[in-house]
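To keep things clear, I will list the structure first and then write my remarks on it.
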Amino acid sequence: MPRQKTTKTPCFLKISLFFSLIFFIFPSGAPAEEKGSKPTVALVLSGGGANGLAEIPLLEALEAEGIEPDFVLGVSMGAIIGSLYSSGYTPKQIRELMIELDIPGLINQSASVAKALPPEVMNPYYSNFSTVTFSKKGLGSQPGLIGDQKITNMLATCLSKTSHIQDFDKLNKSFRAVSTDVFTGEQIISSSGSLIMAVRGSMAVPLVFSPFPTQNKSLAYDGGLSNNLPIQLAKDLGADVVIAMDVLGKIGVDQEDFSNLNSTLVQSINLIVSANTRSQYPEADILIRPNLSAITAGAFGQVEQIIAVGEKALEEYKDQLHALALELEAAGYPLQKLDYDRKSYYDSLQDPLIESIIIEDISISDPVLLPKPSDLKNFAGHVLDKSAKEKLVTKLEQLRYTYNLSTLTYELREMEGSPNYTLAILANHYAEPADRLFIGGRPALESNFSKDDGAAFIMLPFITAGITLTDILPLSLTLSSDRFFYGTITYEPSLFNTSALNLKLNLSLGAKYGSLHPQKYLTYSTLLADDDFGFYADAGIKAFHAEWMRVGTGIIYDLSFFNSFFDRGHLHAGISSFYAEYAIDTLADEITGLDGLRLDAKAQLGTDFSGSLFYSADFFLRKNFNLVNAKNSLGFDVKAALNAYPAGLLDGYTDFGGFDGMCGYGYGSLKQCSALAGIAYRRIIFSAADMPILTIAQVKAGFFDNCSPYSHTVSELSAKNPFDVTWNFDAGTSLHLALSTPIGNLLLGGGYSFCSKRWSLSLGFM
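If you're matching positions, the sequence shown starts at 247 in the numbering used here and goes up one per residue.
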């Protein structure tokens, strides 16, 4: 049985006739239309997290009785459902949409993009997957635990045909979203402006989601904090009849259940919300309270079970709703029983044609560098249909990552004198503390079998951890493990800093330890077997653009000792050189990223103690772009290296094999000189727990020298003239499956080279 039934139907007919007479003589504005001929019906949908899905059967029950509300008020989840209903979705569409949506996946997102480490030149897998920013005010920059990019863009996509409507009374049904002002605690009643911002602000549960900016540059929290069941508001707006559903769940908590942080938090929120809800119960003509005590507000994986609870509650209110429908009809309210399977009003609307693009900063924080309209120029002149929306959402996710934004969503705006629309990109961000602790990198574990080289287990993790203390002193300490171990301390004062450009002086001192020569490149367990040691010092100028572009030049001095750095006789190389470098990275992931660019270039020229000239030049380019829809991508790679470095140093070689190298060649195919190019096709097959699984097919061709540190002595390699190269040609193809996880990519696949007849199979984590 429902926990409470409230009806006022026995005297409703007299009241409604009286009000009809009053409003006929003294007209008064109402959200839906001018009143006078019929009573006005309001539908009030409360917030309650996942429990709000139980409100869908109420929409179905009202339509079954022919009751079509004149206006809808929604809070939190009720605002989401209410905005869809008011925009012209049918109850059937809303039910199917909520069942189809992967809601746990939509909210399985970090509140902010990890403050990316600037790209490391010629190290495309130098990434950052865990960062804690801090300042004197405390830890972090995001006032919420869960990111809203996915769920906000879900709203933008579902409401794309109506998001241009600035007056919510001009929707298919008048609509109001209720949220709470963060600074005053007062309720915010959104009746106009951005529909997306209004709904997003209404669902900003404290601690869970970050508060969202409002049109007047304030911040909004969940409407449940101030008015979770706005029945009185509906009355104030002119409703004669209010039908409401409260899905908050039970207020009481058994003592044995009140024993952990989760139950404490839930009960605290319930007590706050119930305080502004229960007093309004008597004002509702029909109040439905489904028994959701066994389901938590976060049970988004139980969509159908929650809807079933709502259905059960509506069965118990069936007679009351029918009686209300008859009295409404007697009072002049036209009942209209609609076909449940009909084409919706929303579907009858045309997809908007985008004529122009603007970027709008909706944040209340200081301005930061934002994407440019040209970043989205491919959408101008095109209809925003289903395929285009998928591509747009993917592009916005990539740009959010590139520019380190909290949210990057969209809506449509009407254009004066044109039937077409402006695509407005809305950017939200929070002040980012400059100081940070970070740990990043990529795990590289691979079991590789090559026809020529046999089986090999390769373990080449790249791990970086450090601390940056910009506010206190422009100093950073970094400890890394790659092909050997090294630590660097850097003094990096800013010389010029704007939102677009940060120019820094770079002074670094570092030490390295491990096997500095290439013979043991493939065997991680022996990287520390040799007592090689080195020191290096770097002085230069570096410029950064939004953390995704790096340009630098300077002088570096590098000493490498083999076996023992205490014995001066074991000095293998001492090089002083000038370098210039450039890197740009807009790929969300170097292996599974579907859209973006990675470009690296570095040149180095120097001499050793004997005056011998050494130089190197390296180049890497990867460009991916979407095809057809956001799940398909075509890209191309170019990779080249020319090295005339001391042959006994690992730094004088590049890897010609592996995923980024020639198909059929395993990792550890070290070459001094090489060049290759190829194309790659990527496709997302499906996603599991919000982790996409892709197929990656590649075709490559290239040239390489015939010198190998495994088959030639150091003296033989040292005597070789780098311009006197015997070039070999090869081409090949490969196919991989990739599972993209938060900490790396699980790769399974193989490749074959046509000329050398090499093939390799690999299973690895990169």
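Ideal Cβ placement from N, Cα and C applies to all residues, glycine included. It should be emphasised that the depicted structure is a prediction, and the values quoted were computed from it without experimental measurement.
DSSP places R659 inside the beta strand (DSSP E), whose first and last residues are T653 to M661. Per DSSP, reduced to three states, the secondary structure at Y592 is helical.
With fewer than 16 neighbouring CB atoms inside 10 Å of its own CB, N743 falls in the exposed class.
By the CB criterion at 8 Å, V488 and A530 fall inside the cutoff. Here R341 is not near I534, since their CB atoms are 8 Å or more apart. The criterion of a C-beta distance shorter than 8 Å is satisfied by L642 and L654. Here A521 is exposed: its Cβ has fewer than 16 other Cβ atoms, across all protein chains shown, within 10 Å. The DSSP assignment places complete beta strand (DSSP E) segments of no fewer than 3 residues inside the region 912–991 at 919–934, 937–951 and 973–987, in order along the chain. When the beta-carbon positions are compared, T640 and D841 come within less than 8 Å of each other. When beta bridges are read from the DSSP output, D883 appears opposite R868 and G924. Contact between the region 912–927 and the region 884–904 is present: three or more C-beta pairs spanning the two stretches fall below 8 Å. For E601, the uninterrupted beta strand (DSSP E) segment begins and ends at I600 to D607. Per DSSP, D348 is not a residue of any beta strand (DSSP E), being assigned neither H nor E.
Judged by their CB atoms, M795 and I830 are nearer to each other than the 8 Å cut-off. A check of alpha carbon separations from S322 across G293, L330 and L940 identifies G293 as the nearest. Judged by DSSP in its simplified three-state form, V629 adopts strand.
DSSP, read as helix, strand or coil, puts N878 in strand.
Judged by their CB atoms, V428 and P459 are not nearer to each other than the 8 Å cut-off. Taken through DSSP and simplified to helix, strand or coil, V287 comes out as strand.
With 16 or more other Cβ atoms inside 10 Å of its own Cβ, G295 counts as buried.
Within the model, the alpha-carbon separation for L896 versus Q918 is close to 10 Å. Straight across, the Cα-Cα distance linking S609 with M400 is about 20 Å. With a contact defined as Cβ atoms closer than 8 Å, P598 and K407 qualify at about 7 Å. Rounded to whole angstroms, the separation of the alpha carbons of A783 and F824 is 12 Å.
Rounded to whole angstroms, the separation of the alpha carbons of L479 and R646 is 37 Å. Short of 7 Å from the beta carbon of Q412, and not among the five residues preceding or following it, lie these beta carbons of its own chain, in chain order: S438 and G439.
Listed in chain order, the non-local C-beta contacts of G544 below 7 Å within the same chain comprise G295 and A296, local neighbours out to five positions each way being set aside.
A distance of 8 Å or more separates the beta carbons of Q433 and N462.
Rounded to whole angstroms, the Cβ separation of A423 and V445 is 5 Å, and the two are in contact under 8 Å. In this structure F865 touches D846 by the C-beta definition: roughly 7 Å separates them, less than 8 Å. With a contact defined as Cβ atoms closer than 8 Å, G393 and S356 qualify at about 5 Å.
When DSSP states are grouped into helix, strand and coil, M323 belongs to the helix group. For S332, the secondary structure class from DSSP, reduced to helix, strand or coil, is helix.
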